[in-house]
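K.L.:
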Amino acid sequence: MTIASGVRKTGSTSAASLLFTLLGEYLRDNDQKPWTSTFVRALGALDYEEPAARKAISRASADGWLESERMGRRVRWQLSEKAVQHFREAEVIAYNRHQPPEWNGTWFLLFTSIPENQRELRHQLRTQLRWKGFGPVGGGVWISPAADAERLASDVLRELDISRNSFSFAGQFGTLGDEYEMVQRAWDLKLLAQEYADFDTQMNRFSCNSNPEMAFIHYTVLVHSWRRLVLSDPNLPAELLPARWVGVDVTARFFAMRDELGPTAIQWFWQDDVCR
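Under my numbering, the very last position in the sequence shown is 270; numbers go up by exactly one each time.
#1: For R221, count the other beta carbons within 10 Å of its own beta carbon; 16 or more makes it buried, fewer makes it exposed. Which is it?
#2: Rank G171, S201 and P45 by C-alpha distance to the C-alpha of S8 and give the top, closest one.
#3: Could you check whether S162 and T106 sit closer than 7 Å to each other, using their CB atoms as the reference points?
#4: Where DSSP assigns a beta bridge to I211, which residues make up the other side?
#5: What are the boundary residues of the alpha helix (DSSP H) that includes F105?
#6: Apart from the five residues on each side of it in sequence, which residues of its chain come closer than 8 Å, Cβ to Cβ, to M176?
#7: Could you tell me the distance, in whole angstroms, from the CA atom of V34 to the CA atom of W264?
#8: Does the structure place the segment 72 to 83 close enough to the segment 102 to 120 that three or more beta carbon pairs sit under 8 Å?
#9: Is the CB-CB distance between G276 and Y213 below 7 Å?
#10: What are the start and end residues of the beta strand (DSSP E) that includes S162?
#11: Please determine if the segment 79 to 94 and the segment 106 to 119 are in contact, where contact requires at least 3 C-beta pairs separated by less than 8 Å.
#12: By alpha-carbon positions, which one of F14, A54, A56 and F81 ends up nearest to R22?
#13: For T258, collect the residues of the same chain with a Cβ closer than 6 Å to its Cβ; drop the 5 residues on either side in sequence, then sort them by chain order.
#14: At the level of alpha carbons, what is the spacing between A250 and D243?
#15: May I have the straight-line CA-CA distance separating A140 from W262, to the nearest angstrom?
#16: Please state the DSSP three-state secondary structure of E63.
#17: Strictly by DSSP, which residues pair up with I137?
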């Protein structure tokens, strides 16, 4: 089993999902416009047939992530404004966390009230708040120790147009109850530790001494798995994490491997465009 097919089987990864990683990694800070064949070639290296690759591209375009530019019989692609904004935010979440953040002991609490019959809106709220690092403690109450938690919450509430149904305050943990128990209620740190351990094991399969195509495969699967992992990590300060938190060493190893594989992988991805 190849590394690419392995991540597909273990993570139920679709061509559309991996294409999203390609957009975030290879187009985010690049003014070049890849051909359709560039994506087909890249997804082919990741074990996807051309029909699946083309379907993923069409879907990304239909969903407003890609914009096309026809040149004769061929098509070039670029990120939409929506995609640029999304990937800039995703980059901060994925790559600005080399160490647990400093913390002054202040908690931000958000209270929301959405009727049970508005299930889709409730789902969107849960998804976006978790993505921003918030944890639920019950009764429509969400907590975060992040210094910019108020801004993050405001962005979500404004986007979903539910600011009028919410209120908040910030302060220190009181004398009643146990702060660490509250953390355990809001976030499953045991599960998160296991996810970091699994990712560490996965990195054992990657090699920094690979040919260019394999470097591309290893790098893409590496960052794809990392992006999925950090979306479930609230990026808590060290004071709220278990002693000898596994995420610290795994994070350092990831960034070292990313720095090793990245330049060769990026060069291989754009090779098709440079040669034509």
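The C-beta atom is built at its ideal place from N, Cα and C for all residues, glycine as well.
P.N.:
This is what the structure gives:
#1: When all chains shown are included, R221 counts as buried.
#2: Looking only at G171, S201 and P45, the smallest Cα-Cα distance to S8 is reached by P45.
#3: No, the pair does not count as a contact, with Cβ atoms beyond the cut-off.
#4: In the DSSP assignment, I211 forms no beta bridge with any residue.
#5: It is not in any alpha helix (DSSP H) - F105 instead sits in the beta strand (DSSP E) that spans W101 to T106.
#6: Around M176: V131, I137 and F167.
#7: C-alpha separation (whole angstroms): 12 Å.
#8: Not touching, per the Cβ criterion.
#9: Lying outside -5 to 270, the shown extent of the chain, residue 276 is not represented and no answer is given.
#10: Unbroken beta strand (DSSP E) run through S162: S160 to G165.
#11: Here the segment 79 to 94 makes no contact with the segment 106 to 119; the two share fewer than three CB pairs at distances below 8 Å.
#12: Among F14, A54, A56 and F81, the Cα nearest to that of R22 belongs to F81.
#13: Within the same chain, P206 and A209 come within 6 Å of T258 by CB-CB distance, once the 5 residues on both sides are set aside.
#14: Straight-line Cα distance between these residues: approximately 11 Å.
#15: Going by C-alpha positions, A140 is about 38 Å away from W262.
#16: The answer is strand: DSSP assigns E63 an E or B state.
#17: BP columns for I137 point to L103 and G129.
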